[in-house]
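The opening position of the sequence shown corresponds to residue 312 in our numbering, with each subsequent residue numbered one higher. Ideal Cβ positions, reconstructed from N, Cα and C, are used throughout, including at glycine. These notes concern the structure reproduced below.
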Amino acid sequence: MAFASIDPTTGRTLRTFPAHSAHEVEARVKRAEETFRALRATSLGQRAGWMNRAAELLETEAERYGRMMTEEMGKPLEAARAEARKCAMACRYYAEHAERFLADEPVDTGPDTSFVRYQPLGPVLAIMPWNFPFWQVVRFAAPALMAGNVGLLKHAHNVPQCALALEELFLRAGFPEGAFQTLLIDVQGVRTLIEDARIKAVTMTGSEGAGRDVAQRSGQQLKKVVLELGGSDPFVVLPSADLEQAVETAVKARLINNGQSCIAAKRFIATAPIYEEFERRFVERMRRAVVGEPLEARTEVGPLATQGIRDGLHAQVERSVAAGAKLLLGGVQPPGPGFWYPPSVLAHPPPGSPAYTEELFGPVAVLFRAKDAQDALRLANDSPYGLGASVWTRDEAEQRLFIDGLEAGSVFVNGMVASDPRLPFGGVKASGHGRELARHGLLEFLNIKTVRLVAAWSTTPARTQAQANE
Numbered sequence: 312m313a314f315a316s317i318d319p320t321t322g323r324t325l326r327t328f329p330a331h332s333a334h335e336v337e338a339r340v341k342r343a344e345e346t347f348r349a350l351r352a353t354s355l356g357q358r359a360g361w362m363n364r365a366a367e368l369l370e371t372e373a374e375r376y377g378r379m380m381t382e383e384m385g386k387p388l389e390a391a392r393a394e395a396r397k398c399a400m401a402c403r404y405y406a407e408h409a410e411r412f413l414a415d416e417p418v419d420t421g422p423d424t425s426f427v428r429y430q431p432l433g434p435v436l437a438i439m440p441w442n443f444p445f446w447q448v449v450r451f452a453a454p455a456l457m458a459g460n461v462g463l464l465k466h467a468h469n470v471p472q473c474a475l476a477l478e479e480l481f482l483r484a485g486f487p488e489g490a491f492q493t494l495l496i497d498v499q500g501v502r503t504l505i506e507d508a509r510i511k512a513v514t515m516t517g518s519e520g521a522g523r524d525v526a527q528r529s530g531q532q533l534k535k536v537v538l539e540l541g542g543s544d545p546f547v548v549l550p551s552a553d554l555e556q557a558v559e560t561a562v563k564a565r566l567i568n569n570g571q572s573c574i575a576a577k578r579f580i581a582t583a584p585i586y587e588e589f590e591r592r593f594v595e596r597m598r599r600a601v602v603g604e605p606l607e608a609r610t611e612v613g614p615l616a617t618q619g620i621r622d623g624l625h626a627q628v629e630r631s632v633a634a635g636a637k638l639l640l641g642g643v644q645p646p647g648p649g650f651w652y653p654p655s656v657l658a659h660p661p662p663g664s665p666a667y668t669e670e671l672f673g674p675v676a677v678l679f680r681a682k683d684a685q686d687a688l689r690l691a692n693d694s695p696y697g698l699g700a701s702v703w704t705r706d707e708a709e710q711r712l713f714i715d716g717l718e719a720g721s722v723f724v725n726g727m728v729a730s731d732p733r734l735p736f737g738g739v740k741a742s743g744h745g746r747e748l749a750r751h752g753l754l755e756f757l758n759i760k761t762v763r764l765v766a767a768w769s770t771t772p773a774r775t776q777a778q779a780n781e
């Protein structure tokens, strides 16, 4: 088996990389286990220095890393550069805050001395997708490494250059060999690793189906697992909203990363008084979106990442139209090389159709007309997914209604859903469980140890924050 970098604009294979053999995988897992024992003994100050160096490399080499992302999965180049810079921000965030996040927490238990101590688990297997080939990995790796864990990355098959560059990044930053390693392995290789007792936890970002398989296998091994799965995020627009700003943001939210983002807005719900105007403006703005070579500065939408993704998306559109959805724009698969798909808009798909119930991973938007705010909330929640949601209204009562009522891991009011190192990120329902980023992402892969020293027999105090760094 080989891993191939394929140019999505042409379908041409650029480079291939051989899969790691069983012997190579074993050597890397053994190295990870050995490195963990050494890494956990390093100070937080030492790890912070390495993490800050990783941030510097990401910033100074954003052009190189950005071109690598664009070459392998087709995102517009400026978005790829921005992804590298965002990774640097996450590295700096955990370098700065890990000491505070990991300090012992005293608990008042009367005469006894009690505290909570946070300790790393060991090697963590990360199964990551291609759509944000650096960001998805770094938002796991930065907190995991700062906590003293080591990482083993199984990246998506179509971004091997990015996968290997990430291993190189942390090594160049100063982390010891074995702290973060890439494994070029297939699905069966992943399953074997999940069953390996040396792997202490698993994190995965990807499809719902893959997530169910990983969760089941991890559960059988009683291993901690974090899952960030699909999303079909609602974007709700109510009459008091700034319609011009809502439409412009809605189009950006649908087309970000060529429409291939779990938290891209996918279902657009406007209430009856403004629906017709919202539809008119939205379709017109989608029609003007610039489709082109992702290396060109003016391009808003590049190709989809693989032929399978493009063909699958088109099949969903065709099945939705056959079921009764109205095609307002696009929906025609272009001829010629590359994995292109035009910005498209569907309206009013019936329940049960793909556009109503499934995630559309590409530049296809789905419009819904709601009677009022309560009906809009019902439509927003009528999905198996619950990752992010955006609501546009100046009415404080409506804001409270949606903040409390939306079934989602994130709710953005008058703004586009986005991940941020300072905020916990994850979903509910079929969008997964567990959280990444913020302090929550650090705690996911730690042993939260309760310590109680009975006063009559003990004198050893809890560690101070400074002592935790020694």
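Apart from the 5 residues on each side of it in sequence, cysteine 398 sits with its Cβ closer than 7 Å to the Cβ of Leu369, Phe445, Trp446, Val449 in its chain, given in chain order. Judged by their CB atoms, methionine 727 and lysine 511 are not nearer to each other than the 8 Å cut-off.
Per DSSP, the beta-bridge partners of valine 602 are Val612. Proline 605 sits buried, since 16 or more C-beta atoms from the chains shown fall within 10 Å of its C-beta.
Assignment of beta-bridge partners to glycine 737 by DSSP yields no partner.
Following the DSSP letters along the chain, one finds lysine 577 inside the beta strand (DSSP E) bounded by residues 576-582. For the beta strand (DSSP E) assignment, the uninterrupted runs of no fewer than 3 residues enclosed by the region 627-656 are, from N- to C-terminal side, 637-640. For leucine 325, the uninterrupted beta strand (DSSP E) run begins and ends at 323-329, by DSSP. At a Cβ-Cβ threshold of 8 Å, leucine 540 and alanine 749 do not count as neighbours. When secondary structure is reduced to three states using DSSP, tryptophan 703 falls in the strand class. Looking from the CA of threonine 514, the closest CA among Pro434, Arg609, Thr610 belongs to Pro434. With respect to tryptophan 703, leucine 549 sits close: the two C-beta atoms are nearer than 8 Å.
The continuous beta strand (DSSP E) containing aspartate 419 extends over residues 416-420.
Judged by beta-carbon spacing, arginine 351 lies within the 8 Å limit of glycine 459, meaning their Cβ atoms are closer than that value.
Remark: C-beta atoms of methionine 439 and threonine 516 approach each other more closely than 8 Å. With contact defined as three or more Cβ pairs closer than 8 Å, the region 401-421 and the region 356-370 are in contact. When C-alpha distances from leucine 325 are compared across Ala333, Ser316, Gln357, Tyr696, the shortest belongs to Ser316. As a beta-bridge residue in DSSP terms, serine 425 pairs with Val418, Arg763.
Under the three-pair Cβ rule at 8 Å, the region 660-679 does not count as touching the region 526-538. Beta-bridge annotation (DSSP): phenylalanine 672 is not paired with any residue. Within the same chain, and ignoring the five residues on either side of proline 665 in sequence, the residues whose Cβ sits closer than 6 Å to its Cβ are Gln627, Arg630, Ser631. The residues Gln618, Pro648, Gly649, Phe650, in chain order, have a CB closer than 8 Å to that of glycine 322 in the same chain once the five nearest residues on each side in sequence are set aside. Cβ-Cβ separation between alanine 313 and alanine 338: approximately 20 Å, too far for a contact (criterion under 8 Å). Within a 10 Å sphere around the beta-carbon of proline 471 sit 16 or more other beta-carbons, which makes this residue buried. With a cutoff of 8 Å on beta-carbon distance, valine 427 and threonine 668 are scored as not near each other. Taking a C-beta distance under 8 Å as the contact criterion, leucine 657 and leucine 638 qualify as a contact pair. A buried status is given to valine 336, since no fewer than 16 other beta-carbon atoms sit within 10 Å of its beta-carbon. Taking a C-beta distance under 8 Å as the contact criterion, phenylalanine 579 and valine 739 do not qualify as a contact pair. Per DSSP, glutamate 559 is one residue of the alpha helix (DSSP H) stretching across 554-566. In the three-state scheme derived from DSSP, where H, G and I count as helix and E and B as strand, alanine 658 is classed as strand. Measuring C-alpha to C-alpha distances from phenylalanine 412 to each of Leu477, Gln430, Asp544, Ala557 identifies Gln430 as the nearest. For proline 695, the three-state secondary structure derived from DSSP is coil.
Less than 8 Å divides the Cβ of leucine 456 from the Cβ of phenylalanine 486. Taking the C-beta atoms as reference points, arginine 746 is found nearer than 8 Å to phenylalanine 736.
Of the candidates Leu432, Asp419, Gly421, Phe491, Phe491 places its Cα closest to the Cα of alanine 453. Comparing alpha-carbon positions, the option among Val643, Ala393, Ile505 lying closest to glutamate 372 turns out to be Ala393.
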